[in-house]
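Beneath this line is the structure, given in C-alpha coordinates, with notes to follow.
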(Lines of atoms letter the chains of each structure in order from A and count residues from 1; the text may use other names and numbers.)
(Lines give C-alpha, C1' and ligand atoms only; values in the text may rest on other atoms or scores of the structure.)
Protein backbone atom coordinates (compact mmCIF):
# COMPACT_ATOMS: atom_id res chain seq x y z
CA UNK A 1 0.00 0.00 0.00
CA UNK A 2 3.05 2.28 0.11
CA UNK A 3 4.44 4.40 -2.70
CA UNK A 4 7.26 2.98 -4.80
CA UNK A 5 9.48 5.73 -3.39
CA UNK A 6 9.24 4.11 0.07
CA UNK A 7 11.80 1.40 0.71
CA UNK A 8 9.96 -0.59 3.37
CA UNK A 9 11.69 -3.31 5.39
CA UNK A 10 9.92 -5.54 7.94
CA UNK A 11 11.73 -7.76 10.42
CA UNK A 12 10.86 -10.55 12.83
CA UNK A 13 11.86 -9.61 16.34
CA UNK A 14 14.00 -11.94 18.44
CA UNK A 15 12.04 -15.09 19.29
CA UNK A 16 9.25 -14.38 16.81
CA UNK A 17 8.46 -15.51 13.26
CA UNK A 18 11.56 -16.91 11.58
CA UNK A 19 14.03 -15.25 13.97
CA UNK A 20 16.17 -17.28 16.35
CA UNK A 21 14.70 -18.10 19.77
CA UNK A 22 17.47 -17.68 22.36
CA UNK A 23 16.71 -17.97 26.07
CA UNK A 24 17.77 -14.38 26.82
CA UNK A 25 17.85 -10.90 25.31
CA UNK A 26 14.18 -9.93 25.62
CA UNK A 27 14.61 -6.76 27.65
CA UNK A 28 13.38 -3.55 26.06
CA UNK A 29 16.98 -2.39 25.70
CA UNK A 30 17.96 -5.72 24.14
CA UNK A 31 15.16 -5.61 21.59
CA UNK A 32 16.08 -2.03 20.68
CA UNK A 33 19.71 -3.09 20.22
CA UNK A 34 18.47 -5.79 17.84
CA UNK A 35 16.80 -3.09 15.71
CA UNK A 36 20.03 -1.09 15.51
CA UNK A 37 22.04 -4.24 14.71
CA UNK A 38 19.55 -5.10 11.98
CA UNK A 39 19.93 -1.61 10.50
CA UNK A 40 23.71 -2.03 10.60
CA UNK A 41 23.47 -5.38 8.83
CA UNK A 42 21.21 -3.86 6.16
CA UNK A 43 23.51 -0.84 5.81
CA UNK A 44 20.70 1.55 6.81
CA UNK A 45 22.18 4.68 8.37
CA UNK A 46 18.79 6.04 9.45
CA UNK A 47 15.15 5.25 8.83
CA UNK A 48 11.59 6.09 9.69
CA UNK A 49 10.61 3.55 12.35
CA UNK A 50 6.99 2.42 12.55
CA UNK A 51 6.00 0.34 15.54
CA UNK A 52 2.56 -1.05 16.34
CA UNK A 53 1.52 -1.69 19.97
CA UNK A 54 4.57 -2.93 21.92
CA UNK A 55 6.60 -2.56 18.72
CA UNK A 56 6.08 1.16 19.15
CA UNK A 57 7.54 0.90 22.66
CA UNK A 58 10.68 -0.68 21.18
CA UNK A 59 10.80 2.01 18.48
CA UNK A 60 10.65 4.69 21.19
CA UNK A 61 13.61 3.06 22.93
CA UNK A 62 15.63 3.17 19.71
CA UNK A 63 14.74 6.84 19.20
CA UNK A 64 15.66 7.74 22.78
CA UNK A 65 19.00 5.93 22.77
CA UNK A 66 20.02 6.32 19.10
CA UNK A 67 18.41 9.53 17.84
CA UNK A 68 20.75 9.81 14.85
CA UNK A 69 19.40 6.51 13.49
CA UNK A 70 15.73 7.61 13.54
CA UNK A 71 14.71 10.01 10.78
CA UNK A 72 11.10 9.81 11.90
CA UNK A 73 8.95 7.84 14.32
CA UNK A 74 5.43 6.49 13.75
CA UNK A 75 3.76 5.07 16.86
CA UNK A 76 0.59 3.07 16.17
CA UNK A 77 -1.43 2.20 19.27
CA UNK A 78 1.77 2.53 21.26
CA UNK A 79 2.00 2.97 25.05
CA UNK A 80 3.93 5.67 26.84
CA UNK A 81 4.62 3.17 29.63
CA UNK A 82 4.12 -0.57 30.10
CA UNK A 83 5.02 -0.68 33.77
CA UNK A 84 2.51 -2.65 35.82
CA UNK A 85 0.63 -5.89 35.05
CA UNK A 86 -2.35 -5.97 32.70
CA UNK A 87 -5.21 -8.41 33.41
CA UNK A 88 -3.77 -11.15 31.15
CA UNK A 89 -0.30 -11.17 32.76
CA UNK A 90 -0.99 -14.28 34.84
CA UNK A 91 -2.08 -16.20 31.74
CA UNK A 92 1.23 -15.44 30.04
CA UNK A 93 3.20 -16.50 33.13
CA UNK A 94 1.44 -19.90 33.14
CA UNK A 95 2.26 -20.73 29.53
CA UNK A 96 4.17 -23.93 28.77
CA UNK A 97 5.27 -25.68 25.59
CA UNK A 98 3.76 -26.50 23.25
CA UNK A 99 1.73 -23.29 23.32
CA UNK A 100 -1.94 -24.19 22.93
CA UNK A 101 -3.54 -23.01 19.70
CA UNK A 102 -6.89 -22.37 21.36
CA UNK A 103 -5.21 -20.16 23.95
CA UNK A 104 -3.55 -18.13 21.20
CA UNK A 105 -6.86 -17.85 19.37
CA UNK A 106 -8.64 -16.74 22.54
CA UNK A 107 -5.89 -14.21 23.30
CA UNK A 108 -6.91 -12.22 20.21
CA UNK A 109 -10.05 -11.27 22.16
CA UNK A 110 -7.87 -9.18 24.49
CA UNK A 111 -7.97 -6.57 21.72
CA UNK A 112 -11.52 -6.23 20.30
CA UNK A 113 -11.78 -5.38 16.59
CA UNK A 114 -14.25 -2.82 15.25
CA UNK A 115 -13.41 -3.07 11.54
CA UNK A 116 -13.27 -6.23 9.41
CA UNK A 117 -9.88 -7.95 9.38
CA UNK A 118 -9.30 -10.71 6.79
CA UNK A 119 -9.63 -14.18 8.22
CA UNK A 120 -6.38 -15.29 6.56
CA UNK A 121 -4.54 -12.52 8.40
CA UNK A 122 -5.97 -13.55 11.78
CA UNK A 123 -5.08 -17.19 11.09
CA UNK A 124 -1.51 -16.13 10.28
CA UNK A 125 -1.32 -14.39 13.67
CA UNK A 126 -2.56 -17.56 15.39
CA UNK A 127 0.10 -19.64 13.61
CA UNK A 128 2.75 -17.10 14.64
CA UNK A 129 1.60 -17.32 18.25
CA UNK A 130 1.71 -21.12 18.29
CA UNK A 131 5.24 -21.09 16.83
CA UNK A 132 6.44 -18.72 19.55
CA UNK A 133 7.82 -20.76 22.51
CA UNK A 134 6.45 -20.17 25.99
CA UNK A 135 9.74 -18.71 27.24
CA UNK A 136 9.63 -16.07 24.47
CA UNK A 137 6.08 -15.08 25.40
CA UNK A 138 7.08 -14.74 29.07
CA UNK A 139 10.47 -13.09 28.63
CA UNK A 140 9.21 -10.60 26.05
CA UNK A 141 6.21 -9.69 28.18
CA UNK A 142 8.25 -9.30 31.37
CA UNK A 143 11.07 -7.50 29.55
CA UNK A 144 8.63 -4.86 28.33
CA UNK A 145 6.76 -4.47 31.62
CA UNK A 146 9.93 -4.27 33.75
CA UNK A 147 11.60 -1.60 31.61
CA UNK A 148 11.91 2.08 32.38
CA UNK A 149 9.71 3.95 29.87
CA UNK A 150 11.90 5.28 27.03
CA UNK A 151 10.79 8.88 27.56
CA UNK A 152 12.06 8.68 31.13
CA UNK A 153 15.55 7.81 29.86
CA UNK A 154 15.98 10.67 27.42
CA UNK A 155 14.02 13.04 25.25
CA UNK A 156 12.87 11.78 21.88
CA UNK A 157 13.76 14.43 19.31
CA UNK A 158 12.78 12.64 16.10
CA UNK A 159 9.76 13.94 14.18
CA UNK A 160 6.92 11.80 15.49
CA UNK A 161 3.43 10.80 14.34
CA UNK A 162 1.12 9.08 16.85
CA UNK A 163 -1.89 7.09 15.63
CA UNK A 164 -4.48 5.91 18.19
CA UNK A 165 -7.94 4.31 18.02
CA UNK A 166 -10.52 5.92 20.27
CA UNK A 167 -12.00 2.52 21.20
CA UNK A 168 -8.66 1.22 22.48
CA UNK A 169 -9.49 -0.56 25.75
CA UNK A 170 -5.80 -0.94 26.64
CA UNK A 171 -4.48 2.59 26.12
CA UNK A 172 -6.53 5.52 27.41
CA UNK A 173 -6.73 8.87 25.64
CA UNK A 174 -4.99 10.48 28.61
CA UNK A 175 -1.97 8.22 28.06
CA UNK A 176 -1.79 9.17 24.39
CA UNK A 177 -1.99 12.85 25.27
CA UNK A 178 0.85 12.30 27.77
CA UNK A 179 2.88 10.53 25.08
CA UNK A 180 2.32 13.42 22.67
CA UNK A 181 3.37 15.95 25.33
CA UNK A 182 6.49 13.93 26.12
CA UNK A 183 7.67 14.07 22.48
CA UNK A 184 8.10 17.69 21.49
CA UNK A 185 6.48 18.59 18.18
CA UNK A 186 4.69 15.25 17.80
CA UNK A 187 1.28 14.99 16.16
CA UNK A 188 -1.57 12.79 17.42
CA UNK A 189 -4.17 11.53 14.95
CA UNK A 190 -7.25 9.85 16.41
CA UNK A 191 -8.93 7.04 14.48
CA UNK A 192 -12.59 7.08 15.42
CA UNK A 193 -14.34 3.76 15.98
CA UNK A 194 -11.05 1.85 16.00
CA UNK A 195 -9.55 -0.38 18.67
CA UNK A 196 -6.01 -1.05 19.86
CA UNK A 197 -4.88 -2.88 16.73
CA UNK A 198 -5.06 0.15 14.46
CA UNK A 199 -2.70 -1.35 11.89
CA UNK A 200 -4.83 -4.49 11.56
CA UNK A 201 -8.13 -2.61 11.33
CA UNK A 202 -7.20 0.30 9.07
CA UNK A 203 -4.08 -0.56 7.03
CA UNK A 204 -5.11 1.68 4.11
CA UNK A 205 -5.46 4.73 6.33
CA UNK A 206 -2.24 3.98 8.23
CA UNK A 207 -0.39 3.69 4.90
CA UNK A 208 -1.84 7.01 3.75
CA UNK A 209 -0.93 8.77 7.00
CA UNK A 210 2.56 7.25 6.87
CA UNK A 211 3.11 8.48 3.31
CA UNK A 212 1.90 11.98 4.23
CA UNK A 213 4.19 12.02 7.26
CA UNK A 214 7.22 10.93 5.23
CA UNK A 215 6.52 13.76 2.78
CA UNK A 216 7.00 16.29 5.60
CA UNK A 217 10.48 15.04 6.54
CA UNK A 218 13.69 16.74 5.36
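Residue numbers (my numbering): 1 to 218. Glycine included, every Cβ here is placed at the ideal spot set by N, Cα and C. Being a predicted model, the structure only gives us computed values, none of them experimental.
Would you kindly report the start and end of the unbroken beta strand (DSSP E) that includes residue i?
i	result
residue 70	70 to 76
residue 190	187 to 191
residue 231	Outside the displayed span of the chain (1 to 218) sits residue 231, for which this structure offers no information.
Label residue i either buried or exposed according to how many other C-beta atoms from any shown protein chain fall within 10 Å of its C-beta, with 16 as the threshold for buried.
i	result
residue 217	exposed
residue 9	exposed
residue 121	exposed
residue 6	exposed
residue 139	buried
residue 1	exposed
Since residue i is in the alpha helix (DSSP H), which residue starts that stretch and which ends it?
i	result
residue 140	134 to 146
residue 108	Counting along the chain, residue 108 falls outside any alpha helix (DSSP H), and DSSP gives it neither H nor E.
residue 150	150 to 153
residue 201	198 to 201
residue 184	Here residue 184 belongs to no alpha helix (DSSP H), and DSSP marks it neither H nor E.
residue 131	119 to 131
Looking at the structure shown, is residue i part of a helix, part of a strand, or coil, going by DSSP?
i	result
residue 52	strand
residue 32	helix
residue 178	helix
residue 207	helix
residue 212	helix
What residues in its chain sit with their C-beta under 7 Å from that of residue i, if we drop five residues either side in the sequence?
i	result
residue 176	162, 164 and 188
residue 265	Residue 265 cannot be examined here, being either before or after the span of the chain that is shown, 1 to 218.
Spatial neighbours of residue i within its chain, please: C-beta separation below 8 Å, excluding the five flanking residues on both sides.
i	result
residue 185	159 and 160
residue 82	54, 57, 144, 145, 147 and 149
residue 211	2, 3 and 6
Please return the same chain residues whose Cβ sits closer than 6 Å to the Cβ of residue i, not counting the five positions on each side in sequence.
i	result
residue 154	64
residue 198	76, 77, 163, 165 and 191
Notebook entry, point to check: Can we say the stretch 59 to 67 touches the stretch 122 to 135, given the rule of at least three CB pairs closer than 8 Å?
Noted result: no
Checklist line | At least three beta-carbon pairs within less than 8 Å, the stretch 43 to 51 to the stretch 15 to 34 | finding: no
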